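What follows is one structure encoded as structure tokens, with my remarks underneath.
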Amino acid sequence: MTDTGTSGRTSLHGFWSSRLAFILAVTGSAVGLGNIWRFPYIAGENGGGAFVIVYLLAIVIVGLPIMMSEVLIGRRGRRNPVSTMRLLGEEESGAANWKYVGVLGVGAGIVILSFYSVIAGWAVAYVIESAGNAFEDATAASVEQVFNALASNPVRTGLWHTLFLVATAFVIARGVERGIERAVRVMMPALIVLLLVLLGYSVVEGAFAQGVQFMFEPRFEELTRDGLMEALGHAFFTLSVGMGAVMAYGAYLPGDASIMKMSVAVVVADTAIALIAALVVFPIVFANGLSPDAGPGLVFQSLPLAFSQMPGGAVISTLLFVLLTFAAWTSAISMMEPATAWCIERLGWSRARAASIVAGITWALSLLTVLSFSTLSDATFLRGTFFDNIDFLSNSILLPLGGLAITIFAGWIMARRSTASELDPEAGTAYRIWRFTARYVTPLAIIAVLLRGVGVI
Ligand code: TRP
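With the sequence shown counted from 1, adding 59 to any position gets you my numbering.
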């Protein structure tokens with residue numbers, strides 16, 4: 060496929076072989092630990108109801124318009140996010156400094172991957188635990204113990220997360236078409252099927268009504284300033300927007316594909332998977348007297364409890380953690396791709412060399428997260444452990460700032476004819492809704508949440 064689209068530019072790294080391949084890759088990026096591990100636990104920590112509603116609002120009025128903006132910018136520039144922002148910045152306004160938005164994003168990708176790979180390492184470890192029947196006759200106390208034994212052991216976690224990073228760099232090194240595409244094709248449908256099986260269990264055996272009530276009954280008095288920022292930050296995180304990952308993928312998108320339809324498809328799939336995951340987790344939590352605000356260990360404790368009571372539980376549990384590992388893998392790939400593409404284009408490195416060096420830097424940084432769950436778990440500052448801080452910094456600050464810059468660029472700096480030619484040459488109603496939202500609603504919503512977060516409003 061060599062259709063370069065309206066900009067006439069072509070990508071150095073090749074193209075997706077089809078539209079479906081692009082949808083799968085962006086969905087693979089979006090669906091990951093964010094949906095299954097992070098969403099339930101932060102919803103639990105923030106009291107459920109009101110948090111979930113704000114998150115859903117943020118998906119629609121912030122996440123979706125920014126996803127469309129990223130894809131259109133990426134496809135127009137056809138380079139890594141730094142070079143694309145510089146090129147389009149010069150083209151649209153004569154200001155090459157827009158490249159710093161790309162720089163911020165490339166950096167944010169590495170920061171996020173540094174903790175993401177650690178959690179993904181847990182998922183890998185749980186494949187082994189499940190297969191070895193560690194959750195037979197489990198109780199609330201025993202699942203907690205299995206989790207703590209893993210997280211508090213820096214050597215064990217370190218080993219698994221190193222393996223995970225090597226696997227990520229390996230796919231990146233193989234390139235866009237052969238590597239990334241193949242990884243998502245099989246795994247996504249399988250993940251959905253397995254989640255539905257678990258949902259069935261949760262409906263029958265869990266405290267389902269209580270779970271639903273916890274998730275959807277708005278209790279706005281429980282939504283703190285931090286909760287509000289977390290809901291916004293999570294909307295960015297779960298859709299992979301705000302740092303240029305989607306922009307990098309958009310660079311390989313053939314010119315004739317509909318950005319609007321594709322973005323809506325990805326957002327719907329991502330949100331559905333997160334809601335199903337939470338509807339699996341909370342009924343199990345309540346039925347077993349677990350606490351919804353157990354934090355990062357929530358999913359790793361609630362799901363094994365359910366498996367232990369199911370016939371064939373060990374098999375289902377092994378499968379689920381295999382799929383979670385795959386989901387995390389396809390997401391991690393998208394965090395590493397912008398930095399890798401930049402090293403290749405700017406420094407002239409080979410793909411393999413770029414991927415190895417980016418992975419090495421990420422690995423070094425990730426040791427801090429490994430330690431923050433073990434040796435340094437008592438070393439708290441600002442918002443808590445090192446993990447709490449890096450998680451807050453990336454999701455609630457870097458991604459919203461990156462997203463704000465991207466939406467302002469697409470809405471205000473880019474000429475109407477440029478965005479229209481990428482999104483919808485007829486500039487129909489859908490285009491007008493996007494442009495109005497990207498210019499006014501999205502930036503104001505982000506600014507309002509950030510100001511509220513620092514206590515100004
Ligand atoms: N969206 C992924 C998840 O929910 C995580 C992710 C992948 C991401 N790429 C990203 C988050 C880029 C922020 C930026 O698990």
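Glycine included, each C-beta is placed from N, C-alpha and C at the ideal position.
None of the values given here were measured: they were computed from a predicted structure.
Quiz item: What do you get for N156, buried or exposed, if any count of 16 or more other CB atoms within 10 angstroms of its CB means buried?
Solution: Indexing the sequence shown from 1 puts residue 156 at position 97. Flag for N156 reads exposed.
Quiz item: Can you give the Cα-Cα distance for R138 and L172, rounded to whole angstroms?
Solution: If you number the sequence shown from 1, residue 138 lands on position 79. If you number the sequence shown from 1, residue 172 lands on position 113. In a straight line, the C-alpha of R138 is about 21 Å away from that of L172.
Quiz item: What separation, rounded to the nearest whole angstrom, lies between the Cα atoms of R278 and D352?
Solution: Within the sequence shown, numbered from 1, the residue matching residue 278 stands at position 219. Within the sequence shown, numbered from 1, the residue matching residue 352 stands at position 293. Whole-angstrom Cα-Cα distance: 16 Å.
Quiz item: Hey, would you say F273 sits closer than 8 Å to G93, going by beta carbons?
Solution: What you label residue 273 is simply residue 214 of the sequence shown in a count that begins at 1. What you label residue 93 is simply residue 34 of the sequence shown in a count that begins at 1. Going by C-beta atoms, F273 is not nearer than 8 Å to G93.
Quiz item: If you draw a straight line from the alpha carbon of T61 to that of G103, how long is it in whole angstroms?
Solution: The sequence position of residue 61 within the sequence shown is 2, counting from 1. The sequence position of residue 103 within the sequence shown is 44, counting from 1. Residue placement at T61 is poorly supported in this model, since its pLDDT is 46, which falls under 50; the coordinates still yield a value, given next. Approximately 47 Å, taken between the alpha carbons.
Quiz item: Just to confirm, are F446 and H293 a CB contact at a threshold of 8 Å?
Solution: Taking the first residue of the sequence shown as position 1, residue 446 is located at position 387. Taking the first residue of the sequence shown as position 1, residue 293 is located at position 234. Taking 8 Å as the Cβ cut-off, F446 and H293 do not qualify as a contacting pair.
Exercise. Mind the definition here: the segment 359-377 touches the segment 201-211 only if three or more C-beta pairs lie below 8 Å; say whether that holds.
Key: yes
Self-check item: Continuous alpha helix (DSSP H) stretch holding D196: start and end
Solution: For the purposes of this step, residue 196 is taken as residue 137 along the sequence shown, with counting starting at 1. Where D196 is concerned, there is no enclosing alpha helix (DSSP H), given that its DSSP letter is neither H nor E.
Quiz prompt | Candidates I178, M306, M321, A474, of which the one nearest G517 by Cα | solution = The structure shown does not extend to residue 517, since the chain is modelled only from 60 through 516, so no value can be given for it.
Self-check item: Boundaries (first-last residue) of the alpha helix (DSSP H) holding F223
Solution: Working through the sequence shown from its first residue, we reach residue 223 at position 164. Counting along the chain, the alpha helix (DSSP H) containing F223 begins and ends at 213-233.
Practice problem: Check whether the Cβ atoms of V358 and V381 lie closer than 8 Å to each other. | Solution: Residue 358 sits at position 299 when you count from the first residue of the sequence shown. Residue 381 sits at position 322 when you count from the first residue of the sequence shown. The answer is no: Cβ separation not under 8 Å.
Quiz prompt | heavy atom of ligand 2 below 7 Å from I171 C-beta | solution = This structure lacks ligand 2; the ligands present are ligand 1.
Self-check item: Exposure label - G470; buried when at least 16 CB within 10 Å
Solution: Taking the first residue of the sequence shown as 1, we reach residue 470 at position 411. With 16 or more other Cβ atoms within 10 Å, it is buried.
Quiz item: Would you say L458 touches ligand 1, meaning its beta carbon is less than 7 Å from a heavy atom?
Solution: Mapped onto the sequence shown, residue 458 falls at position 399. Yes, since a heavy atom of ligand 1 falls inside the 7 Å radius drawn around the Cβ of L458.
Quiz item: Would the beta-carbon of L123 fall within 8 Å of that of S322?
Solution: Within the sequence shown, residue 123 is the residue found at index 64, counting from 1. Within the sequence shown, residue 322 is the residue found at index 263, counting from 1. Cβ atoms of L123 and S322: closer than 8 Å.
Exercise. Apply the 10 Å Cβ neighbour rule to V508 and answer buried if 16 or more other Cβ atoms are within range, or exposed otherwise.
Key: Within the sequence shown, the letter at position 449 stands for residue 508. When all chains shown are included, V508 counts as buried.
Quiz item: Based on Cα-Cα distance, which residue from I492, D315, T198, Y260 lies nearest to V119?
Solution: Counting from one through the sequence shown, the residue named residue 119 turns up at place 60. Of I492, D315, T198, Y260, the residue nearest in Cα terms is I492.
Exercise. Identify which residue in N192, Q269, G419 has its Cα closest to the Cα of F345.
Key: Locating residue 345 in the sequence shown gives position 286, counting from the first residue. That would be Q269, whose Cα lies nearest to the Cα of F345.
Quiz prompt | Contact set for N347: own chain, Cβ-Cβ below 7 Å, skip 5 residues either direction | solution = On the sequence shown, position 288 is the one that residue 347 refers to. So the list reads A199, L364, once near-sequence residues are dropped.
Quiz item: Excluding five sequence neighbours on each side, which residues of the same chain lie with their C-beta closer than 7 Å to the C-beta of A193?
Solution: For the purposes of this step, residue 193 is taken as the residue at position 134 of the sequence shown. Once the five neighbours on either side are set aside, the close Cβ partners of A193 are V205.
Quiz prompt | Within 8 Å, strictly: CB atoms of P140 and G303 | solution = Here residue 140 refers to the residue found at position 81 of the sequence shown. Here residue 303 refers to the residue found at position 244 of the sequence shown. Yes, they are a contact pair.
Quiz item: Taking all protein chains shown into account, do 16 or more other C-beta atoms lie within 10 angstroms of the C-beta of F440, making it buried, or fewer, making it exposed?
Solution: The count along the sequence shown starts at 1 and reaches residue 440 at position 381. The residue is exposed, with fewer than 16 neighbouring Cβ atoms inside 10 Å.
Quiz prompt | Run of the alpha helix (DSSP H) containing P459, from where it starts to where it stops | solution = Working through the sequence shown from its first residue, we reach residue 459 at position 400. Per DSSP, P459 belongs to the alpha helix (DSSP H) from 458-467.
Quiz item: Counting contacts by CB-CB distance shorter than 8 Å, is R498 in contact with chain C?
Solution: The structure shown contains no chain C; it is built from a single protein chain.
Quiz item: Leaving out five residues before and five after K158 in sequence, what residues of the same chain have Cβ atoms less than 6 Å from its Cβ?
Solution: By one-based count along the sequence shown, residue 158 stands at place 99. Closer than 6 Å at the Cβ level, and outside the excluded window around K158, lie V141, M144, R145.
Quiz item: Under the three-state reduction of DSSP, which class applies to G64: helix, strand or coil?
Solution: Numbered from 1 along the sequence shown, position 5 holds the residue referred to as residue 64. Coil.
Self-check item: Heavy atom of ligand 1 within 7 Å of G180 beta-carbon
Solution: By 1-based counting over the sequence shown, the position of residue 180 is 121. No; taking the cut-off as 7 Å, the Cβ of G180 has no heavy atom of ligand 1 nearer than that.
Quiz item: Beta-carbon separation of L254 and I335 under 8 Å?
Solution: By one-based count along the sequence shown, residue 254 stands at place 195. By one-based count along the sequence shown, residue 335 stands at place 276. Taking 8 Å as the Cβ cut-off, L254 and I335 qualify as a contacting pair.
Quiz prompt | Cβ neighbours of V326 in the same chain (closer than 7 Å, five flanking residues each side left out) | solution = Locating residue 326 in the sequence shown gives position 267, where the first residue counts as 1. Contacts found: I118, G122, L123, M126, L298.
Exercise. Please indicate yes or no: does the CB of G133 lie closer than 7 Å to some heavy atom of ligand 1?
Key: In the sequence shown, residue 133 corresponds to position 74, counting from 1. G133: no, Cβ never under 7 Å from ligand 1.
Quiz item: So which of S88, A474, A316 has the shortest CA-CA distance to R244?
Solution: Against the sequence shown, residue 244 aligns to sequence position 185. Looking at the Cα atoms, S88 is the closest of the given residues.
Quiz item: Is the beta carbon of F81 less than 8 Å from the beta carbon of L312?
Solution: Here residue 81 is taken as the residue at index 22 of the sequence shown, counted from 1. Here residue 312 is taken as the residue at index 253 of the sequence shown, counted from 1. Yes, the pair counts as a contact, with Cβ atoms nearer than the cut-off.
Exercise. Would you list, in sequence order, the uninterrupted alpha helix (DSSP H) runs of no fewer than 4 residues that lie entirely inside the segment 383-462?
Key: 410-431, 445-451
Exercise. Evaluate S367 with the Cβ neighbour count: other Cβ atoms within 10 Å of its Cβ, from every protein chain shown; 16 or more gives buried, anything less gives exposed.
Key: Numbered from 1 along the sequence shown, position 308 holds the residue referred to as residue 367. It is buried - the Cβ of S367 has at least 16 other Cβ atoms within 10 Å.
Practice problem: Go ahead and label E481 buried or exposed: buried means 16 or more other beta carbons lie within 10 angstroms of its beta carbon, across all protein chains shown. | Solution: Along the sequence shown, read from residue 1 onward, the residue named residue 481 stands at position 422. That one is buried.
Practice problem: Compute the minimum distance between the beta carbon of F296 and the heavy atoms of ligand 1, and state whether it is under 7 Å. | Solution: As a first step, residue 296 must be located in the sequence shown, where it is residue number 237. Correct: F296 has its Cβ closer than 7 Å to ligand 1.
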